[in-house]
Every structure is written in C-alpha cells, then in structure tokens.
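Novice: If you count the sequence shown from 1, position 197 lands on 207 in this note's numbering, and the numbers rise without skipping.
Using N, Cα and C, we set each Cβ at its ideal position, and we do this for glycine too.
Here the structure is a predicted model, which means the values were calculated and not measured.
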Amino acid sequence: MKTVFKKKLLVAAVSSLMMAPVSNSSAADQLSEIKVSEKDDQKHESRTVQVKDSIVHTDVISAKTIEKKQAGSLEQAIKDEPGVDVRTECSVCGAKRVSLNGLKGEHTTLMINGVPNSSILEGFYGYDAIPMAGVTSVEISRGAGASLIAPEAIGGVINVVTAAPKDDKLSLDLSLGTDGYKKYQVVGTKISKDKRTQMMTGAQTDNIDQYDGDNNGVSESPKLTNHSVVAQIWHQADKDRFEVRLADQRSEMFGGPMVGILAKSESDAKTQAVGTSPGFIGDNINNRPNTAGGATTARDFVENVVTTKQEVTGTWSRDVNAQLTTNLTGSYVKTNTDDIYEGTTYQADQNIYYVDVRADYYPSLQHAITVGTDFKHDKMLSVSTGGTYPANDSYDKKSNGLYVRDIWTPNQRLEVAAAVRMDVIDVNFLEQNRKFNDTIVVPRLHVRYDHNFNWTSRFSAGMGYRVPLQFFEAEHGILDNGFKVAVDKLEKSQSARYELAYSGAKTTMSTSYAWTAVSNLAAIDSDNYTVPTLISTHGTGHVQHADINVSYQLTHDWTLGSSLEGFVYDKTYRKTFSVIPIESRLRLMADYDGHGWQGNLTLTGIGSRKYSDYPTAAYDKHYDDNAMTKSKGTKSPAYFTADVKVSKDISKEWKVYAGVNNLFDYTQIGTGDSPLYYDNTGTKTWDTGHIWGPLRGRVVYGGVRTEF
Numbered sequence: 011m012k013t014v015f016k017k018k019l020l021v022a023a024v025s026s027l028m029m030a031p032v033s034n035s036s037a038a039d040q041l042s043e044i045k046v047s048e049k050d051d052q053k054h055e056s057r058t059v060q061v062k063d064s065i066v067h068t069d070v071i072s073a074k075t076i077e078k079k080q081a082g083s084l085e086q087a088i089k090d091e092p093g094v095d096v097r098t099e100c101s102v103c104g105a106k107r108v109s110l111n112g113l114k115g116e117h118t119t120l121m122i123n124g125v126p127n128s129s130i131l132e133g134f135y136g137y138d139a140i141p142m143a144g145v146t147s148v149e150i151s152r153g154a155g156a157s158l159i160a161p162e163a164i165g166g167v168i169n170v171v172t173a174a175p176k177d178d179k180l181s182l183d184l185s186l187g188t189d190g191y192k193k194y195q196v197v198g199t200k201i202s203k204d205k206r207t208q209m210m211t212g213a214q215t216d217n218i219d220q221y222d223g224d225n226n227g228v229s230e231s232p233k234l235t236n237h238s239v240v241a242q243i244w245h246q247a248d249k250d251r252f253e254v255r256l257a258d259q260r261s262e263m264f265g266g267p268m269v270g271i272l273a274k275s276e277s278d279a280k281t282q283a284v285g286t287s288p289g290f291i292g293d294n295i296n297n298r299p300n301t302a303g304g305a306t307t308a309r310d311f312v313e314n315v316v317t318t319k320q321e322v323t324g325t326w327s328r329d330v331n332a333q334l335t336t337n338l339t340g341s342y343v344k345t346n347t348d349d350i351y352e353g354t355t356y357q358a359d360q361n362i363y364y365v366d367v368r369a370d371y372y373p374s375l376q377h378a379i380t381v382g383t384d385f386k387h388d389k390m391l392s393v394s395t396g397g398t399y400p401a402n403d404s405y406d407k408k409s410n411g412l413y414v415r416d417i418w419t420p421n422q423r424l425e426v427a428a429a430v431r432m433d434v435i436d437v438n439f440l441e442q443n444r445k446f447n448d449t450i451v452v453p454r455l456h457v458r459y460d461h462n463f464n465w466t467s468r469f470s471a472g473m474g475y476r477v478p479l480q481f482f483e484a485e486h487g488i489l490d491n492g493f494k495v496a497v498d499k500l501e502k503s504q505s506a507r508y509e510l511a512y513s514g515a516k517t518t519m520s521t522s523y524a525w526t527a528v529s530n531l532a533a534i535d536s537d538n539y540t541v542p543t544l545i546s547t548h549g550t551g552h553v554q555h556a557d558i559n560v561s562y563q564l565t566h567d568w569t570l571g572s573s574l575e576g577f578v579y580d581k582t583y584r585k586t587f588s589v590i591p592i593e594s595r596l597r598l599m600a601d602y603d604g605h606g607w608q609g610n611l612t613l614t615g616i617g618s619r620k621y622s623d624y625p626t627a628a629y630d631k632h633y634d635d636n637a638m639t640k641s642k643g644t645k646s647p648a649y650f651t652a653d654v655k656v657s658k659d660i661s662k663e664w665k666v667y668a669g670v671n672n673l674f675d676y677t678q679i680g681t682g683d684s685p686l687y688y689d690n691t692g693t694k695t696w697d698t699g700h701i702w703g704p705l706r707g708r709v710v711y712g713g714v715r716t717e718f
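Structure (structure tokens):
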C-alpha cells in the first residue's frame, strides 16, 4: 500500500508541476500572499489555491468562485474542492455526506460564521439546503483541531461566512434551465451614514426535478426544492461590536416514483397504500416496477424528506483595553424533519442551544492568549410509524468545554499555536434507559513558518473525539427494524498534516499530506443483535490524503489550474463504508476574464475502485436481478465530467450568462449500472446505495445578474 501511495504522490507532483512550473523570480517581483476571505476586487483569482493567511491551513472559496460554479447551495460550492468528497449515499432520497481528507461524513463539523450550531440532520440533507445568498466565502479547514470551539471535527470544519457589507447594494440573480432547474436569488445591503451599522438581507429559492436516466419509473436523483430567508446586522460602538443573524430555511426532497408513471402527482404517490408484493418485472431492477394486481405501488418507492430550520445567533465583543478583548456568543437552532421512507414515516424535532464566552489577552507582541468556555445542549426527539419496530433514537446531549490557547510569534517568520481543550459530556438515550458520560482532554498544535517571501510551511497535529449519537448517522431512517445503542466509548482520533505553499507573481502552488487514525469507530451491527445496534468497533482505522494544487496566470486574461489528490484507507477503515469513497481525483481548470467576457471550464476525473476492497459496501455482491445471474461487476470505471460557464457584461450593472453542468452527459446509469440493486440474500428486497458515479445527466442553464 505504501508503494502504491508513493507512486500516486509522484504522479501528482509531476503532472501538476508540468501544468504550471513554479517561478524562481526574485521576491521583489512577486505578489503578496493570497488573502481572499474578503477580497472581491482581485481579477485573477486562483480556483485551486486560495489559502487564508492564518496559522491554521484554511482553503477559501470566495464569492467570485461560488458565482463561477453557479452554486446555489453549500454542497455545490464545496463539491470537488481539495480534500472534499461530497458522497451521495442514497439515490432515491439524495442523502449526502461530506468527507474531509477521506474521513467519514459524521467527522465533518459545519459552522455558520464560526458557530458550531449545526445538527445531525443537517449532516445528511443540510448541505443541499444551505443557500449561498449573502455568503461572502466558505472556509474549509481540514484536520482535527482545525477549530478551537469545534471539538468533534475529526475530519475538519466547513465554515460559511457572511461578512459585514462595505457599501449599499442590491443584487438580483435569476436563472432557469433543463430538468426543471431554477435559482432565484436576491440580496440587499445597507450601511448607515456614520458607517457604524451594516445590514444584509437575502432570499433564495431553487429547484431541480427528478432524474430517471433508464426510464424504469424510479428516479436516480430526487427532486430538490429549497426556500430560504436570511437577515444579519452588525453594529460598531466605541468599544463594543454587536452582530445578530436570523435565518429560516425549508428544504424538500422527493425521490423514487416518477410522477406520471407510477403516480399522477407527488401527493398521489405519498398517499397510495403499499403494495402486496413489491418488486420489479422479472425481478430485475432495470425493468419497471411490477404493478399487476397492486403488487407494487408508488408508495413502495417514495422517499420524501421535508426539513425546516430556524436560527438566531448573536455575538457581543468588547475591547476592555488595549490588551484584552472579551466575546460572548449565543445561538439557538430549531430543526424539524418530516419524512416518508417507503412504507415507514420518521419525524424528528431537534433543538440546539449554544453559548461561548472567551477572552483574548495580548500580554506582549509575541503572545496572544485565548481562554474560554462553552456549553452546548442538543436534544432530539423522534417518532416513527409503519416499521416493525420504532426508531427509538431520541437523545439528550449536554457538553461543557474549557479551552486555552497561546499563539507565540517569536519573529516575523515563525508562528506557533498550542491549545488544549477539556470537555465533559453527558448523553441520555431517552427511550432506551441508557446513559453515556465521559471527560476528555485533547491537545492541538499548529505551526506556520515563512521560509521566505514566497514559500510557507504549515504543520498541525492533535487529537479529536466524537460522540456517536443516533440511528440517523448510519441508516438515515430508511430501515424499519428499530434501533438500539451499545456504544461505550468515544470515537478518538490522532492526526497530523503538513503543507508547503508557494505564492509567486504568476504561479501559486500548495501540496499537503495528512494522516489520521481513528479508534472506537461507531457502526451498526445487524448480525449479532436482533435489532440494529450502534456499537463501538474494535481496532483503529487509518486514512491518508495527499494533494498538489497549482494555478498559473498564462496571460493577462487566461488562468490555468490543476489539482491531483490521492486517498488511502486501511482495511479497518474501509469496513466502515456503506458507499465506496473516491481514491483518486484530477481536476483541470481554465478561466478567462477579459473584454467584458468571463468563462470557466472544469474537467474532473475520478479513478477506478475495486469493489472487494470495501467488504461492508459489498458492491461485488450486488446484482441487477434477484436470481443473482447478472452481477454488477468487480470495479467501478474511471471517468471524466466537465462543467462550463460563460458570462457577458452588458453594462456596469447587468450581466447575462449560460452554462452546462455535466457537459458530456456522463452518468452511472448511462453505463448500464443502476444505483438500485439486489444483494445475495435472495429475499427479493432491493436497495438504493450502489453508487460510484454521477446520478444526474446534463443540465443546461442560462440567467441574468444585476447589481445596483
């Protein structure tokens, strides 16, 4: 395995450096380091290397890049970024997990403006629902300890940033496309005359319809409709700063039966009775469902997920004196989900309360000390009907943390941050009369060293942990066999990451290597228990990730970029996957910005994967037919996809654009491999998780954007 991984790294280095050779010109001829969190005036902006100027490695997706991607949601904004794997785990309901550095989706923490108030429910459907209206950047920090206040981020942190506006502005973005695609977005900002108060309001609605590439009456990708409203206000007093954010979201997924084939409408599909003997004609998933005599109905395939979220967050910062700043943050988030999973229903209400109090003390020019404490109360109540057993996954979790960090800057080149955090955790699984209590201390270290004007090294190491909580993590409410808890340990991790970055006049480059070990991984055990049970597995899983990213300004108008990544999972970690992850990825990018035109083309290649390497996913035991005569093969093919967008400035205020996602119309179903499958049990039951490639075909769109 080590030899193979080294070969991948060598190929990555050679390929990307051939794409854009590093310049050796003197420091006097070079540009300053890239700081893109709040910069919108930089014409030529690297899409492969956008590193925030901080001690912790942070990749920044700017508002300009979000626009280039035509991203309406967080999932679309972060997709295929370095170290990010957006993994669809159910073709019918569209559940997605976001992996960082190869770690599982539950090891990624989502934050809004630095506040870790996201829910478990958002980890499956929230990335599709979080709008980009009003978002100024998305920050991705990979590795345990990436955030001082996100202790469970074993894989890393994704932070959605809405920064204070700098001027009065009204922007409108309207687009339509094939497959029922639409995105309507409006954002307004206002600044007070004394410049002390800023306000932002935004609203967005977007939609895309179901997709059924093989016309068998069952969708490979669900319909998704989102509505959202957000408002935020900032106020600067003499010594105090106040910030308040309000947000309201509604998201609906509808997948399974194609409207017009198995049902007249979505409402009809949801209200039909279940079939007497559900299945496909000839017991083959490539055929249409067998509806003869009421054997199969639309309800046997319906997966309808309706999620709402309301958020209020407030922050108060005060400059006590020249050396001391205090900060108080409070947040409340209410999330509700009302779902249909074929013949069963699942409803859940989740309430999260979060408070953080901290002080930043600057005793000298060499030291910056942070001391703080936070409290988080996360309560989820669920109820399910129609299954053999109820879900029984309600819980009440309380955690109290204490942390301290010292950032030491002995000279202009070296910066060292050492931190330690202690958490007291109390979890009560309400319907199972089972409690979980623990206290854990986790240290973290971050080092940044500027070799010279162009070259910078970053090193990080630390420990992390996570509390396994509920059935939703492993089966997202689909199965109807109930749920029990037998976990008795926290998931614990150790990780290390090194990055070398170069910034020149025309070239930017970064390359990194990350290693993570996770013990006590939680998993569902259905073989040794009568009811699916969440247990702590034995052994330690290891994950490695390496990447190289290069951007080169070819001319005044053209910029080229490339990135190459490799992921390696050991046998222990591979056993935890229910859907196979990516192992290698190549991206090639070209951007044009000149003479009133903007254009970008992105090619993304995914390498082949061997099914037998992932025994729990067991793709090599999947079949198109219940008789197990038509195997789905032994490996997934390698493939390329392409996205392109072209924009034209009509005037200073108006812009028109058009684009194509999945230009070559490459889909998994187009190769004859449906995400539906029968396994080798011979029980005439099918599932929806044989997924290795794109599940939606070509989408063509066009739109207009105006800004006053």
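Among Thr639, Ala652, Gly713 and Ala648, which has the Cα closest to the Cα of Tyr688?
Specialist: Nearest C-alpha to Tyr688: Thr639.
Novice: Based on DSSP bridge pairs, tell me the residues matched to Met268.
Specialist: Partner(s): none; Met268 has no beta bridge.
Novice: So, helix, strand or coil for Leu574, using DSSP?
Specialist: The answer is strand: DSSP assigns Leu574 an E or B state.
Novice: CA-CA distance, Phe718 and Ser181?
Specialist: In a straight line, the C-alpha of Phe718 is about 6 Å away from that of Ser181.
Novice: Between which two residues does the beta strand (DSSP E) carrying Glu313 extend?
Specialist: Start and end: Glu313 to Asp329.
Novice: List the residues that DSSP assigns as beta-bridge partners of Met638.
Specialist: None, per the DSSP bridge assignment.
Novice: Taking Arg597 as part of the beta strand (DSSP E), name the residues at either end of that continuous run.
Specialist: Element bounds for Arg597: Ser594 to Gly604.
Novice: Using DSSP bridges, identify the partner residues of Glu262.
Specialist: Answer is Thr235 and Val316, bridged to Glu262.
Novice: So does the stretch 395 to 405 actually touch the stretch 490 to 503, counting three or more Cβ pairs closer than 8 Å?
Specialist: Yes: the two stretches touch, three or more of their Cβ pairs being nearer than 8 Å.
Novice: What is the DSSP secondary structure of Arg298, reduced to helix, strand or coil?
Specialist: Arg298: coil per DSSP, three-state reduction.
Novice: Just grab the DSSP bridge partners of Ile534 for me.
Specialist: Paired residue(s): Leu544.
Novice: Around the C-beta of Glu162, are 16 or more other C-beta atoms found within 10 angstroms, so that it is buried, or is it exposed?
Specialist: Looking at its Cβ environment, which holds 16 or more other Cβ atoms inside 10 Å, Glu162 is buried.
Novice: Who are the Cβ neighbours of Gln723 in its own chain at under 6 Å, not counting the five residues just before and after it?
Specialist: Not covered by the structure: residue 723. The range shown for the chain is 11 to 718.
Novice: Following the continuous alpha helix (DSSP H) through Arg708, name the residue where it begins and the one where it ends.
Specialist: Element bounds for Arg708: n/a, residue is neither H nor E.
Novice: Is Ser229 helix, strand or coil by DSSP?
Specialist: Here Ser229 sits in coil by DSSP.
Novice: In angstroms, rounded to a whole number, what distance separates the CA positions of Asp388 and Thr398?
Specialist: Asp388 and Thr398: Cα-Cα distance of roughly 28 Å.
Novice: Between the C-alpha atoms of Arg708 and Asp224, what's the straight-line distance to the nearest angstrom?
Specialist: Rounded to the nearest angstrom, the two C-alpha atoms are 14 Å apart.
Novice: Of the choices Phe674, Lys658, Ser618 and Gly514, whose alpha-carbon is the least far from that of Tyr667?
Specialist: Of Phe674, Lys658, Ser618 and Gly514, the residue nearest in Cα terms is Lys658.
Novice: Please look up how many angstroms separate the CB atoms of Gly396 and Gly353, rounded, as I've assumed it's under 8 Å.
Specialist: Contact holds; Cβ gap of about 5 Å.
Novice: Just list the residues that DSSP pairs Arg107 with in beta bridges.
Specialist: Answer by DSSP bridge pairing, in chain order: Arg97.
Novice: For Asp138, which three-state DSSP category applies?
Specialist: Asp138: helix per DSSP, three-state reduction.
Novice: Is it true that the stretch 91 to 99 meets the stretch 278 to 285, where meeting means three or more beta-carbon pairs spaced less than 8 Å apart?
Specialist: No contact exists between the stretch 91 to 99 and the stretch 278 to 285.
Novice: Kindly list the residues whose CB is nearer than 7 Å to the CB of Asp460, restricted to its own chain and excluding five residues on each side of it in sequence; keep chain order.
Specialist: The answer, listed in chain order, is Arg423 and Thr466.
Novice: Taking the alpha helix (DSSP H) that Glu149 belongs to, which residues open and close that run?
Specialist: From DSSP, Glu149 is part of no alpha helix (DSSP H) but of the beta strand (DSSP E) over Ser147 to Arg152.
Novice: Could you give the distance in angstroms between the alpha-carbon of Gly643 and the alpha-carbon of Asn690?
Specialist: Answer to the nearest angstrom: the Cα atoms are 13 Å apart.
Novice: Please report the Cβ distance between Ile164 and Leu84, rounded to the nearest whole angstrom; I am assuming they are in contact, meaning their Cβ atoms lie under 8 Å.
Specialist: Not a contact, Cβ separation roughly 20 Å.
Novice: For the beta strand (DSSP E) containing Ser657, list its first residue and its last residue.
Specialist: Residues Tyr649 to Asp659.
Novice: Could you check the C-alpha separation between Val434 and Lys408 for me, to the nearest Å?
Specialist: Roughly 8 Å between the two C-alpha positions.
Novice: Can you tell me which of the three DSSP states Ala173 falls into?
Specialist: DSSP places Ala173 in coil when its eight states are reduced to three.
Novice: So, using beta-carbon positions, are Arg595 and Tyr624 closer together than 7 Å?
Specialist: Contact: no.
Novice: Measuring straight from C-alpha to C-alpha, what distance separates Lys280 and Gln220?
Specialist: The straight-line gap from Cα to Cα measures roughly 15 Å.
Novice: Count the CB pairs spanning the stretch 590 to 607 and the stretch 566 to 576 that are closer than 8 Å, and state whether there are at least three.
Specialist: With a cut-off of 8 Å, the stretch 566 to 576 and the stretch 590 to 607 count as touching, because enough Cβ pairs lie within range.
Novice: Apart from the five residues on each side of it in sequence, which residues of its chain come closer than 6 Å, Cβ to Cβ, to Val24?
Specialist: Residue placement at Val24 is poorly supported in this model, since its pLDDT is 36, which falls under 50; the coordinates are not used for a value here.
Novice: Could you tell me whether the stretch 361 to 370 touches the stretch 323 to 340, using the rule of 3 or more Cβ pairs below 8 Å?
Specialist: With a cut-off of 8 Å, the stretch 323 to 340 and the stretch 361 to 370 count as touching, because enough Cβ pairs lie within range.
Novice: Does the stretch 195 to 210 come close enough to the stretch 240 to 257 that 3 or more CB-CB pairs lie under 8 Å?
Specialist: Counting Cβ pairs under 8 Å, three or more are found: they touch.
Novice: Pull up the distance between the alpha-carbon of Thr118 and that of Asn236, whole angstroms please.
Specialist: About 23 Å.
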